[in-house]
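Trainee:
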Amino acid sequence: MEGESSSIQVNGMQFSYDFQSPIYFDFNLNITPRSRCLLLGANGSGKTTLLKILAGKHMVGGKDVVRVLNFSAFHDTHLVCSGDLAYLGESWSKNVGAVGEIPLQGDFSAEHMIFGVEGVDPIRREKLIELLDIDLQWRMHKVSDGQRRRVQICMGLLHPYKVIFDLVDNNTHLLLAQYLIVKQYAYCEVLLLDEVTVDLDVVARMDLLDFFKEECEQRGATIVYATHIFDGLETWATDLVYIQEGVLKRTEKLPELPELKSSPNLLSVVENWLRSETRLRKRNRLPLHQKLKSPLLLALLHFSHLDIWHIFADLHFLFPE
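Everything in the sequence shown is counted per my numbering, starting at 1334 for the first residue and increasing by one.
1. From the DSSP output, which residues share a beta bridge with L1658?
2. Going along the chain, which residues of its own chain have a beta-carbon closer than 8 Å to the beta-carbon of S1442, five neighbours each way excluded?
3. Just reading off the beta strand (DSSP E) that D1359 is part of, what are its end residues?
4. Between which two residues does the alpha helix (DSSP H) holding K1475 run?
5. Should V1602 and E1592 be called a contact, given that it needs their Cβ atoms to be closer than 7 Å?
6. Do R1400 and C1549 come within 7 Å of each other at the CB atom, strictly closer than that value?
7. Specify the secondary structure class of R1400 as computed by DSSP and reduced to three states.
8. Report the rounded CA-to-CA distance for L1573 versus F1563, giving the unit in angstroms.
9. For the putative contact between L1465 and R1483, defined by C-beta atoms under 8 Å, what is the C-beta separation to the nearest angstrom?
10. Less than 7 Å between the beta carbons of A1559 and K1385, yes or no?
11. With a threshold of 16 other CB atoms inside 10 Å of the CB of D1527, please say whether the residue is buried or exposed.
12. My output table needs one value for Q1342: the three-state DSSP class, helix, strand or coil.
13. Could you check which residue in V1476, I1462, H1492, D1440 has the C-alpha nearest to that of G1452?
14. For I1364 and S1340, which I take to be in contact (beta-carbon distance under 8 Å), what is that distance rounded to the nearest angstrom?
15. Terminal residues of the continuous beta strand (DSSP E) containing K1719?
16. Just list the residues that DSSP pairs Y1558 with in beta bridges.
17. Indicate the three-state DSSP secondary structure (helix, strand or coil) for Y1350 in the structure shown.
18. Do L1461 and L1418 have their beta-carbon atoms positioned less than 7 Å apart in this structure?
19. Taking a contact to mean a Cβ-Cβ separation below 7 Å, would you say L1542 touches W1569 in this structure?
20. For the alpha helix (DSSP H) containing A1406, name the first residue and the last one.
21. When you compare only the Cα positions, how much space is there between R1369 and P1588?
22. Beta carbon of S1378, beta carbon of E1604: below 7 Å?
23. For L1362, count neighbouring C-beta atoms within 10 Å of its own C-beta (all shown protein chains included) and say buried if the count is 16 or more, exposed if not.
24. When DSSP labels each residue in this structure, what does E1378 get in the three-state scheme?
25. Could you check how far apart the C-beta atoms of K1586 and T1571 are, in whole angstroms? I think they sit under 8 Å.
26. Spell out the partners DSSP gives S1442 in its beta bridges.
27. If you reduce the DSSP assignment to three classes, tell me which class L1418 lands in.
Written as structure tokens, this is what we have:
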């Protein structure tokens, strides 16, 4: 898929943290505009690392390895500064360009934090405050995790979209502006969400998901959403990406997922995948003497003419660590 037809494109990515084994090796991924993509995988599979790479927080290879909206995720910093690329993760912090991070647990009011974000659309700000049911008098060091999460989400979604005309004087200009926005900026924003709804109650969570769906359909946003909460996502998501220990195992259009036709819901499908993965991982961790309880291996030992110790020495290739 060519860069201009992808919101997110990853080509042959390799990544590891310092002095550790590679998390990703020759990893490839394409996500199309207007997608609401679920990022699935067990704990430790590399979901958060992938989202941070897409958000430009880690340098990976050259400029063509990880591209967002046809720009380098790491090198083209205007993606984040313009609001075209936004990352909302689990840490209670507000990204402020190159200055660093401001914690959201100090003695500040919600109003101070939200209205401190400059260059935003006041109508959008009011909509988000109402949507997330935020009391502007909340003190950040006294509220619950769920309330603090609402303020964080609100701040992360305040950044404006690209616009062509500041003022529209008549219907002709309005139609032209709408046409150009759709044609030239059909995928003007990418949102990367890492377990952002984990502390929200069910009402706030569903309202937020509806808002994200509206962003995709009306504004052309592309969303990648890592979560372990699957209620209601069968009809919300358009795509899914399943990662197993840094390897892309599945990438599917959700309505075309074969397992959904025979399972009651998405939760059951993902549970089966993760249980199979867990069984395989546990089996690979078994000591050699337990692995040799396999009837097939016992038969091989029984009928082999090789020295028994030679067999033990060579069996490791059957059971990689």
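For glycine and all other residues, C-beta sits at the position ideal for the given N, C-alpha and C.
The model shown is predicted, which means the values in this text are computed figures rather than measured ones.
Mentor: According to the data block:
1. Absent from the model: residue 1658. The displayed extent of the chain is 1334 to 1654, so no value can be given.
2. Result list for S1442: L1469, Q1470, W1471, R1472, M1473, in chain order.
3. Membership of D1359 in the beta strand (DSSP E) is indicated by the continuous run 1357-1364.
4. For K1475, there is no enclosing alpha helix (DSSP H), as DSSP marks it with neither H nor E.
5. Between V1602 and E1592, the gap from beta carbon to beta carbon is short of 7 Å.
6. The answer is no: Cβ separation not under 7 Å.
7. DSSP places R1400 in strand when its eight states are reduced to three.
8. Going by C-alpha positions, L1573 is about 12 Å away from F1563.
9. With a Cβ gap of about 4 Å, L1465 and R1483 count as contacting.
10. Taking 7 Å as the Cβ cut-off, A1559 and K1385 do not qualify as a contacting pair.
11. Buried, by the Cβ-count rule.
12. The answer is strand: DSSP assigns Q1342 an E or B state.
13. G1452 has its Cα closest to that of H1492, out of V1476, I1462, H1492, D1440.
14. The Cβ separation is near 6 Å, so the contact holds.
15. Because the chain in this structure spans residues 1334 to 1654, residue 1719 falls outside the shown range and cannot be described.
16. Note: Y1558 sits in a beta bridge opposite L1371, L1526.
17. The DSSP-derived three-state label of Y1350 is coil.
18. Annotated as distal: L1418 and L1461, with beta-carbon spacing of 7 Å or more.
19. Contact flag set, yes.
20. In the DSSP assignment, A1406 falls outside any alpha helix (DSSP H), carrying neither H nor E.
21. Roughly 12 Å between the two C-alpha positions.
22. The answer is no: Cβ separation not under 7 Å.
23. Residue environment: L1362 is assigned as buried (16 or more neighbouring CB atoms within 10 Å of its CB, all protein chains considered).
24. Inspection of the sequence shows that residue 1378 is occupied by Ser rather than by Glu. Three-state DSSP puts S1378 in coil, outside helix and strand.
25. With a beta-carbon spacing of about 7 Å, K1586 and T1571 fall inside the 8 Å limit used to define contacts.
26. DSSP output for S1442 lists R1472 as bridge partner(s).
27. DSSP places L1418 in strand when its eight states are reduced to three.
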